[in-house]
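Student: Following this message is one structure expressed as structure tokens.
2 protein chains.
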Amino acid sequence: MKIVVDCYGGDYSPQETVKGCLLALMQNQDINLVLTGNAVELTNLVGGKFDGRIEYLNASEVITNLDVPTTAIRTKKDSSLVVALDRVKNDDECVGMVSSGSTGAVLTGAVLKIGRIEGVSRPALLPLLPTLNGGKVLLIDCGANVDCKPAMLVQFAYLAISYANSVLGISSPRVALLSNGTEDKKGNEFTKQVFELLKQEPINFVGNMEARDILSGSYDIVVADGMYGNIALKACEGTATTMLKMIKQEISKGFFTKLGALLAKPAFRRVKSRMDYNQNGGAPFVGINKILIKAHGASKANSICCAIEQVKEMHKSNFINKIKDTLPRNNEQ
Amino acid sequence: MKIVVDCYGGDYSPQETVKGCLLALMQNQDINLVLTGNAVELTNLVGGKFDGRIEYLNASEVITNLDVPTTAIRTKKDSSLVVALDRVKNDDECVGMVSSGSTGAVLTGAVLKIGRIEGVSRPALLPLLPTLNGGKVLLIDCGANVDCKPAMLVQFAYLAISYANSVLGISSPRVALLSNGTEDKKGNEFTKQVFELLKQEPINFVGNMEARDILSGSYDIVVADGMYGNIALKACEGTATTMLKMIKQEISKGFFTKLGALLAKPAFRRVKSRMDYNQNGGAPFVGINKILIKAHGASKANSICCAIEQVKEMHKSNFINKIKDTLPRNNEQ
Chain A
2 MKIVVDCYGG
12 DYSPQETVKG
22 CLLALMQNQD
32 INLVLTGNAV
42 ELTNLVGGKF
52 DGRIEYLNAS
62 EVITNLDVPT
72 TAIRTKKDSS
82 LVVALDRVKN
92 DDECVGMVSS
102 GSTGAVLTGA
112 VLKIGRIEGV
122 SRPALLPLLP
132 TLNGGKVLLI
142 DCGANVDCKP
152 AMLVQFAYLA
162 ISYANSVLGI
172 SSPRVALLSN
182 GTEDKKGNEF
192 TKQVFELLKQ
202 EPINFVGNME
212 ARDILSGSYD
222 IVVADGMYGN
232 IALKACEGTA
242 TTMLKMIKQE
252 ISKGFFTKLG
262 ALLAKPAFRR
272 VKSRMDYNQN
282 GGAPFVGINK
292 ILIKAHGASK
302 ANSICCAIEQ
312 VKEMHKSNFI
322 NKIKDTLPRN
332 NEQ
Chain B
2 MKIVVDCYGG
12 DYSPQETVKG
22 CLLALMQNQD
32 INLVLTGNAV
42 ELTNLVGGKF
52 DGRIEYLNAS
62 EVITNLDVPT
72 TAIRTKKDSS
82 LVVALDRVKN
92 DDECVGMVSS
102 GSTGAVLTGA
112 VLKIGRIEGV
122 SRPALLPLLP
132 TLNGGKVLLI
142 DCGANVDCKP
152 AMLVQFAYLA
162 ISYANSVLGI
172 SSPRVALLSN
182 GTEDKKGNEF
192 TKQVFELLKQ
202 EPINFVGNME
212 ARDILSGSYD
222 IVVADGMYGN
232 IALKACEGTA
242 TTMLKMIKQE
252 ISKGFFTKLG
262 ALLAKPAFRR
272 VKSRMDYNQN
282 GGAPFVGINK
292 ILIKAHGASK
302 ANSICCAIEQ
312 VKEMHKSNFI
322 NKIKDTLPRN
332 NEQ
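Protein sequences appear in the order of chains A and B. Each residue of the first sequence is one higher than the last, beginning at 2 in my numbering. Each residue of the second sequence is one higher than the last, beginning at 2 in my numbering.
Shown next, in the form of structure tokens:
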């Protein structure tokens with residue numbers, strides 16, 4: 002199977018992106034890659050390895066975080082991102098793509114170029130976060146749609162259920178609504194409307210939940226509007242980072258605590274790796290006609306490799322068709 | 002100065018609440034307390050200590066989390082909370098109060114009984130969170146108002162500025178708006194409107210900020226609608242708890258990591274104490290005519306003591322009058 006990788010636009014592009022590609026090719030005999038960007042530079046970085054399994058698709062421009070997404074997609078037609086999107090859209094052999102470029106441009110471009118699955122109103126970002134019991138929780142939407150109507154969140158639930166069914170093998174995922182309390186009456190006007198809609202759906206809706214329980218392992222899917230979801234996701238990220246830094250600060254204050262930290266280092270490394278959801282790939286952008294993984298802007302080789310493997314897993318689990326089967330009919334908003 | 006303490010309604014009431022009161026009396030010669038609740042039980046718990054500095058105000062009922070706040074305030078007139086609110090309202094000597102009871106009931110009761118400061122549209126919850134550099138950040142509103150109009154957030158900013166000015170001694174606090182990115186154009190329709198309003202005010206408005214930077218120390222005040230703020234606050238809380246549990250899980254996996262953790266224990270304890278903002282008191286409910294600290298439901302003696310001391314500090318810094326001076330005129334919404 003062919004997977005397209007936008008090799009520019011990330012913080013460590015193209016070096017780390019290419020390294021990630023090579024890692025993925027080494028670990029996955031069943032994939033071939035199409036790399037987009039400066040073909041000469043990319044060819045040099047690859048250095049003749051994996052001949053026959055890599056295709057170079059030249060692109061002379063790069064879309065950055067400073068570009069206005071919609072304008073950039075329209076005007077930078079020869080950017081590594083747009084070239085990647087066009088290829089994925091037009092080539093049936095290409096099952097999906099990975100980009101660590103500007104989130105706004107990647108999402109806008111994906112909707113404009115690859116297009117939405119019929120019946121999907123708004124595609125959404127669906128990161129997988131680590132839970133305390135070693136599992137995963139799906140948080141949807143995390144920022145693609147900052148102004149939502151209640152019915153959109155019902156679709157988000159179905160998109161995440163499709164993922165849980167096909168990729169994670171969870172047949173009846175526990176769906177909860179992000180709110181300010183667990184009781185049925187909690188929430189603001191918006192979430193109360195969403196609550197009533199979700200209650201009517203033939204899904205395993207377990208009710209309202211609080212942001213403090215996102216990582217608890219009590220839920221498989223947390224549904225939120227893109228603004229709430231973004232705030233929750235980033236608050237989790239920020240607290241994890243802050244705590245690791247605070248631990249460092251406090252440990253450095255004494256000899257014994259330093260010694261102890263040295264001995265406990267492997268444990269910390271494991272916690273850091275568990276909490277760093279970016280390290281394990283990227284966030285699927287779901288509801289479009291192909292598989293797309295938005296890798297973090299700061300992705301290094303390992304994350305890119307994981308993101309490529311995510312595309313492979315999603316394709317093997319028949320994710321796109323699962324969405325089409327799962328979405329209720331006549332649900333276009 | 003007299004401070005009223007609602008001794009029932011918390012998870013560890015009245016035992017821990019009373020212990021906290023005794024601690025506060027011991028550490029603060031300049032305060033007297035009025036304890037509300039079952040006077041016989043309270044008298045027994047106090048055991049004759051601090052004679053002359055404690056007044057017992059009997060109340061035969063307790064409002065719980067199961068009660069509907071507005072109904073409970075109206076019907077349970079002889080509850081420890083309502084009796085406390087009435088006393089604070091009517092007795093000029095009582096400068097403020099502490100309650101670890103049902104958040105909904107405490108906030109509703111405070112508005113109904115104590116009343117809003119003239120010109121304040123919506124009082125708000127203002128917790129102080131720890132920052133990486135050892136300082137504090139004020140997050141307003143954290144759940145009192147889940148359906149806000151843009152202008153309300155401007156008032157929240159002024160309420161927090163009053164606190165920063167008077168209690169923290171920060172003359173020109175850096176005010177940021179919780180959004181999904183730092184750029185001026187980020188946000189949803191609601192926050193974009195708030196952004197435009199805040200920009201016009203004669204305050205130190207530094208723009209949009211992301212939830213991942215709440216604890217960074219880059220801001221003194223983070224303004225949010227009560228729903229966003231609640232989600233951000235609880236996501237921070239939940240991640241901190243989850244990480245400490247994950248660290249425990251990972252440490253228990255090996256002999257050396259266990260030994261290391263033992264040596265590093267003082268450092269962990271300090272991190273835990275820094276992150277646990279409840280341990281250092283409660284969240285001021287600001288914009289009403291008296292000082293009110295909403296202590297966490299799970300408050301133990303130390304938190305109650307800190308919450309009482311918060312009331313004292315806020316009174317000494319002339320917080321209520323500072324609000325009246327700071328609020329722009331004709332700002333009622």
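Note that CB positions come from ideal geometry on N, CA and C, so glycine has one too.
Name the two residues that bound the continuous beta strand (DSSP E) containing A177 of chain B.
Tutor: V176 to S180 is the extent of the beta strand (DSSP E) around A177 of chain B.
Student: Using a Cβ cut-off of 8 Å, which residues of the segment 141–162 of chain A contact any Cβ in chain B, in chain order?
Tutor: So the list reads G144, V147 and D148, given in the order they occur along the chain.
Student: Which class does K187 of chain B belong to by DSSP, given the choice of helix, strand or coil?
Tutor: K187 of chain B falls in the coil class under three-state DSSP.
Student: So, is the C-beta of I232 of chain B closer than 8 Å to a C-beta in chain A?
Tutor: True, the Cβ-Cβ gap to chain A drops below 8 Å.
Student: State the Cα-Cα distance for the pair A268 of chain A and V312 of chain A, rounded to the nearest angstrom.
Tutor: Approximately 30 Å, taken between the alpha carbons.
Student: Where do the N-terminal and C-terminal ends of the beta strand (DSSP E) with I232 of chain A fall, by residue?
Tutor: I232 of chain A -> not in any beta strand (DSSP E); alpha helix (DSSP H) instead, spanning G227 to I252.
Student: Check whether the Cβ atoms of D87 of chain A and G298 of chain A sit closer than 8 Å, and answer yes or no.
Tutor: No.
Student: I'd like to confirm the pairing. Which residues does DSSP put opposite G38 of chain A in its beta bridges?
Tutor: Looking at the DSSP assignment, G38 of chain A forms a beta bridge with A:N59.
Student: Label K186 of chain B either buried or exposed according to how many other C-beta atoms from any shown protein chain fall within 10 Å of its C-beta, with 16 as the threshold for buried.
Tutor: Exposed, because fewer than 16 other Cβ atoms sit within 10 Å of the Cβ of K186 of chain B.
Student: In or out: V41 of chain A buried (at least 16 other Cβ within 10 Å) or exposed?
Tutor: With fewer than 16 Cβ atoms within 10 Å of its Cβ, V41 of chain A is classed as exposed.
Student: Can you give the Cα-Cα distance for K193 of chain B and Y229 of chain A, rounded to whole angstroms?
Tutor: Those two C-alpha atoms are separated by around 15 Å.
Student: For Q334 of chain B, collect the residues of the same chain with a Cβ closer than 7 Å to its Cβ; drop the 5 residues on either side in sequence, then sort them by chain order.
Tutor: In this prediction, Q334 of chain B scores a pLDDT of 44, lower than 50, which makes its location untrustworthy; the coordinate-derived value is nonetheless stated afterwards. Taken in chain order, the residues that qualify are S122, K150, A152 and M153.
Student: Output the distance between the C-alpha atoms of F286 of chain A and F51 of chain A, rounded to the nearest integer angstrom.
Tutor: C-alpha separation (whole angstroms): 29 Å.
Student: List the residues of chain B whose Cβ lies closer than 7 Å to the Cβ of Y164 of chain A, in chain order.
Tutor: The premise fails here: Y164 of chain A is roughly 22 Å from chain B at the closest Cβ pair, so nothing lies under 7 Å.
Student: For the beta strand (DSSP E) that contains L139 of chain B, what are its first and last residues?
Tutor: First-last of the beta strand (DSSP E) with L139 of chain B: K137 to I141.
Student: List the DSSP bridge partners of S100 of chain B.
Tutor: DSSP output for S100 of chain B lists B:D7 and B:K295 as bridge partner(s).
Student: Can you give me, in chain order, the residues of the segment 49–74 of chain B that have a beta carbon less than 7 Å from any beta carbon in chain A?
Tutor: Those residues of the segment 49–74 of chain B that come within reach of chain A (Cβ to Cβ, closer than 7 Å) do not exist; the list is empty.
Student: Check whether chain D comes within 8 Å of P267 of chain A, counting only Cβ atoms and requiring the distance to be less than that.
Tutor: Among the protein chains in the structure shown, which are A and B, there is no chain D.
Student: Using only alpha-carbon positions, find the residue among B:N39, B:G38 and B:C22 that is nearest to I32 of chain B.
Tutor: Comparing Cα positions, the closest option is B:C22.
Student: Out of B:D148, B:E94, B:T132 and B:I309, which one is the CA nearest neighbour of M276 of chain B?
Tutor: Taking only the C-alpha atoms, the option nearest M276 of chain B is B:T132.
Student: Just to confirm, is the Cβ distance from A145 of chain B to I222 of chain B under 8 Å?
Tutor: No, they are not a contact pair.
Student: Using a 10 Å radius around the Cβ and a threshold of 16 neighbouring Cβ atoms, would you call M98 of chain A buried or exposed?
Tutor: So M98 of chain A counts as buried.
Student: Assign S80 of chain B to one of three DSSP states: helix, strand, or coil.
Tutor: Reduced to three states, the DSSP call for S80 of chain B is strand.
Student: So, with DSSP's three-state summary, where would you put E211 of chain B?
Tutor: Looking at E211 of chain B - three-state DSSP - the assignment turns out to be strand.
Student: Just the Cα atoms here: how many angstroms apart are L169 of chain B and E197 of chain B?
Tutor: Taking the straight line joining both Cα atoms gives about 27 Å.
Student: Pull up the distance between the alpha-carbon of V69 of chain B and that of G182 of chain A, whole angstroms please.
Tutor: Their Cα atoms are separated by approximately 14 Å.
Student: What separation, rounded to the nearest whole angstrom, lies between the Cα atoms of T71 of chain B and E184 of chain A?
Tutor: Taking the straight line joining both Cα atoms gives about 16 Å.
Student: Determine the direct distance from the alpha carbon of F157 of chain B to that of A125 of chain B, and round the result to whole angstroms.
Tutor: Using only the alpha carbons, I get a separation of about 7 Å.
Student: Using only the alpha-carbon positions, how far apart do A284 of chain B and I141 of chain B sit?
Tutor: The straight-line gap from Cα to Cα measures roughly 10 Å.
Student: Kindly identify the DSSP beta-bridge partner or partners of F286 of chain A.
Tutor: Per DSSP, A:L126.
Student: Going straight from the alpha carbon of V63 of chain A to that of G10 of chain A, what length do you get?
Tutor: Roughly 6 Å between the two C-alpha positions.
Student: Just to confirm the assignment, what range does the beta strand (DSSP E) spanning I204 of chain A have?
Tutor: First-last for I204 of chain A: undefined, no H or E at that position.
Student: What does L133 of chain A touch in chain B if you count any residue whose Cβ is under 7 Å from its own?
Tutor: T243, K246 and M247, listed in chain order.
Student: Listing by chain order, which chain B residues have their CB less than 8 Å from the CB of C306 of chain A?
Tutor: Under the 8 Å cutoff, chain B gives no residues; its nearest Cβ is about 24 Å from C306 of chain A.
Student: For the ligand GDP, any of its heavy atoms closer than 7 Å to the Cβ of K291 of chain B?
Tutor: Among the components of this structure there are no ligands whatsoever, and the ligand GDP is therefore not found.
Student: Over the uninterrupted alpha helix (DSSP H) stretch that includes V155 of chain B, give me the two end residues.
Tutor: That run of the alpha helix (DSSP H) goes P151 to S167.
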